[in-house]
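Asker: So the sequence shown is residues 6 to 70, counted in my numbering. The C-beta atom is built at its ideal place from N, Cα and C for all residues, glycine as well. Got a structure for you, written out below as structure tokens; questions coming shortly.
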Amino acid sequence: MKAMPEISSAFTVEDIRKIRDWNSERYASMTRREIADDINSGAREFEALIEHARQSKQQSSHSAH
Numbered sequence: 006m007k008a009m010p011e012i013s014s015a016f017t018v019e020d021i022r023k024i025r026d027w028n029s030e031r032y033a034s035m036t037r038r039e040i041a042d043d044i045n046s047g048a049r050e051f052e053a054l055i056e057h058a059r060q061s062k063q064q065s066s067h068s069a070h
């Protein structure tokens, strides 16, 4: 399996294509359940990152006052 593609800091349409191609290759040999589990796992990680960012923002705005 190929490594995750390098994504530019600008996050372009080409980056989206790279990610879609990478996921398509990864999912080709997976069952529907495995694909769903993979997507859900990534979503949980993303939600945790967003929550951490929110908490950091709240803390920094409280300390600024």
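By Cβ distance, which residues of its chain are closer than 7 angstroms to residue 2, with the 5 residues on each side in sequence left out?
Answerer: Here the chain covers residues 6 to 70 and nothing more, so residue 2 does not appear.
Asker: Only counting runs of 3 or more residues, tell me where the beta strand (DSSP E) segments fall wholly within the region 27–63, in order along the chain.
Answerer: none
Asker: Taking only three categories from DSSP, how would you classify residue 23?
Answerer: Helix at residue 23.
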